[in-house]
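Heads up: the structure comes next, in structure tokens.
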Amino acid sequence: MKRRTFIQRAAVIGAVPKTLLRSKTIAPAAPPGEGKVLSAYYLRAHMYTIVPRQVREDMEWMAGVGTQNVCVSLLEQDLFAAVENVNIIIAEAKRAGMQVLGVPTRLAGVYAGAPKVPSLWLSTRPHFWAKRPDGNPQVSTVNGPRGGMLYPEVEAFIGDTLLEMAQTWPEIPGYIWDEPKYGAPDYSERTRELLGADFTREQWLEAATEVQSRINERFVAAHPDKQLHLFAYAHLEDYAVEAFVSVRGLTSVGCDGRPWHDADSGQTDGGEGKTLLGNGERFLEAAHRNGKRALWLIENHNIRMQDLELMDRQLPQVIAAPVDHLIYYYYPRNVVDPDRAMGIIKRHVSGFGR
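Residues 0 to 353 in numbering that gives the first Met the number 0 are what the sequence shown spells out, letter by letter.
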């Protein structure tokens, strides 16, 4: 479908602004900042049970290797069920000389993060669920349904929730969009109305990332002192790399993947080729070309014992890459020997952000 036809059709339907698809002109990115940034993924350590002394010990470990940001996943229900727990982590991070970045998790089923749960809001609104080509809803057995990104209600919910998070935890200076799930097209009636029955994957992703840009711009307009970051899968197609990197309102953008080459035969998590080395460099180049900081997240979670040596051997290449913002998992899930694994991470990332 031609852009003009799409805009006219969207205007007739009336539920989406005419700016859903804009030109490819890239708006100036936020100031890139100086130096390297090291962040730690600290996911769900605060769910119901939280021991301040243990959190303090965790913060001291992270600060000891030069970590600047502690990344905490935030579910929509945390806004009424875990406010104080997040406050404790923010306070302990500050005590150790760090700050907390929020990871909006499973909002409308659109983003990852942790844990693997459905969105409360979306679960009771099946009329906004994304659909497969056969018309059945896109429902995961572990994450529940995914919302259609082109529904104005889905866009509003994500934007409203992000603004509520900023109001609830004003100390948080920024947020990370973790693995947006709208890389896979939504074949709902809504999408077909706006893009036509025979839309391409490229057209879908252009429309979906335009919605993401609008969400970002709305947030940055309300909080110009805060930053937004985004990462997608390292093994995406080239057109998807360009689409995600061109999203407006981001300070840093990049991908996540295993810290080795696909040819190294290590076990991946989330798909063949999801590796930083060999595939992830495309994001680094594209981010810098688009005036943004380049981000990599090291997937050191759910790792086999036999892959620890591989991670140890290849991490120097990851550290040496032109990465501006590097993230690692702190004591992540499903690691047979977590102390050994974290010892490897510590040895290689120490001082990256200094």
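Just so it is clear, CB atoms sit at the ideal spot from N, CA and C, and this is done for glycine as well.
Member of the options whose CA lies at the smallest distance from the CA of residue i
{"i": "R105", "options": "P132, M97, S139 and I87", "result": "S139"}
{"i": "E75", "options": "Q313, I89, L227 and S118", "result": "S118"}
{"i": "R288", "options": "F243, Y329, N299 and D261", "result": "F243"}
{"i": "V360", "options": "E241, R43 and V322", "result": "The chain is shown from 0 up to 353; residue 360 falls before or after that span and cannot be answered."}
{"i": "E83", "options": "A111, G96, I49 and G108", "result": "I49"}
{"i": "D159", "options": "T250, A221 and R55", "result": "A221"}
{"i": "V69", "options": "G63, G101, L249 and E56", "result": "G101"}
{"i": "P144", "options": "T250, T123 and M164", "result": "T123"}
{"i": "Y110", "options": "A207, K93, I89 and Q313", "result": "A207"}
{"i": "Y329", "options": "E216, D306, H260 and I297", "result": "I297"}
{"i": "A233", "options": "P315, L275, Y186 and H260", "result": "L275"}
{"i": "Y238", "options": "E170, Q67 and R281", "result": "R281"}
{"i": "A62", "options": "V85, R94 and A113", "result": "R94"}
{"i": "W176", "options": "S251, E236, N135 and R189", "result": "S251"}
{"i": "D133", "options": "P184, E308, G265 and T167", "result": "P184"}
{"i": "F230", "options": "Y174, A319 and G195", "result": "Y174"}
{"i": "L309", "options": "I343, K273 and L294", "result": "I343"}
{"i": "E170", "options": "Q266, E271 and M97", "result": "M97"}
{"i": "P51", "options": "R312, L194, A92 and D255", "result": "A92"}
{"i": "L249", "options": "Y186, G290 and D311", "result": "G290"}
Straight-line gap, residue i to residue j (C-alpha atoms, nearest Å)
{"i": "Q53", "j": "E59", "result": "10 Å"}
{"i": "A81", "j": "S245", "result": "34 Å"}
{"i": "D341", "j": "R303", "result": "At residue 341 the sequence reads Met, which differs from the Asp that was named. Approximately 13 Å, taken between the alpha carbons."}
{"i": "Y181", "j": "A262", "result": "28 Å"}
{"i": "L162", "j": "I87", "result": "21 Å"}
{"i": "D224", "j": "E241", "result": "26 Å"}
{"i": "L325", "j": "R217", "result": "26 Å"}
{"i": "Q137", "j": "K130", "result": "5 Å"}
{"i": "N333", "j": "N299", "result": "10 Å"}
{"i": "G352", "j": "G269", "result": "28 Å"}
{"i": "D306", "j": "H260", "result": "12 Å"}
{"i": "A165", "j": "I89", "result": "13 Å"}
{"i": "V357", "j": "K345", "result": "Outside the modelled stretch of the chain, which goes from 0 to 353, sits residue 357, for which no answer is possible."}
{"i": "H347", "j": "R213", "result": "37 Å"}
{"i": "G350", "j": "P321", "result": "15 Å"}
{"i": "L235", "j": "Y47", "result": "36 Å"}
Opening and closing residue of the beta strand (DSSP E) in which residue i lies
{"i": "V109", "result": "Where V109 is concerned, there is no enclosing beta strand (DSSP E), given that its DSSP letter is neither H nor E."}
{"i": "Q266", "result": "Run containing Q266: none; DSSP gives neither H nor E here."}
{"i": "S251", "result": "S251 to H260"}
{"i": "I318", "result": "Taken as a continuous stretch (DSSP letters only), I318 belongs to no beta strand (DSSP E), being part of the alpha helix (DSSP H) at L307 to A319."}
{"i": "G173", "result": "G173 to D177"}
{"i": "I297", "result": "R292 to I297"}
{"i": "Y328", "result": "H324 to Y328"}
Residue i CB to nearest heavy atom of the ligand HEM below 6 Å
{"i": "R257", "result": "Summarising the ligand content, the structure contains no ligands, and the ligand HEM is consequently not present."}
Exposed unless 16 or more other CB atoms sit within 10 angstroms - verdict on residue i
{"i": "G253", "result": "buried"}
{"i": "Q202", "result": "buried"}
{"i": "S72", "result": "buried"}
{"i": "F127", "result": "buried"}
{"i": "P30", "result": "Confidence in P30 is poor, its pLDDT being 37 and thus under 50, which makes the residue's placement unreliable; the coordinate value appears in the next sentence. It is exposed - the Cβ of P30 has fewer than 16 other Cβ atoms within 10 Å."}
{"i": "S38", "result": "buried"}
{"i": "D338", "result": "exposed"}
{"i": "T24", "result": "Unreliable placement is indicated for T24, whose pLDDT of 31 sits below 50; the coordinate value is still reported in the next sentence. Its Cβ having fewer than 16 others within 10 Å, T24 is exposed."}
{"i": "E154", "result": "buried"}
{"i": "E209", "result": "buried"}
{"i": "S264", "result": "exposed"}
{"i": "Q211", "result": "buried"}
{"i": "T4", "result": "Reliability fails at T4, whose pLDDT of 44 lies under 50, so the model's placement of it is uncertain and no value is given."}
{"i": "N135", "result": "exposed"}
{"i": "T190", "result": "buried"}
{"i": "G147", "result": "buried"}
{"i": "A285", "result": "buried"}
{"i": "P27", "result": "With a pLDDT of 30 at P27, under the threshold of 50, the predicted position of this residue should be treated as unreliable, and no value is reported."}
Extent of the continuous alpha helix (DSSP H) run through residue i
{"i": "Y238", "result": "D237 to V244"}
{"i": "R281", "result": "E280 to R288"}
{"i": "L121", "result": "L119 to S122"}
{"i": "G342", "result": "P337 to V348"}
{"i": "L161", "result": "P151 to T167"}
At 4 residues or longer, what runs of the alpha helix (DSSP H) sit wholly inside the segment 41-104? The qualifying runs are 51-63, 77-80 and 82-94.
What are the uninterrupted segments assigned as beta strand (DSSP E) that are 3 or more residues long and contained completely in the segment 183-235, given in chain order? Those beta strand (DSSP E) runs which fall completely within the segment 183-235 and span 3+ residues are 226-232.
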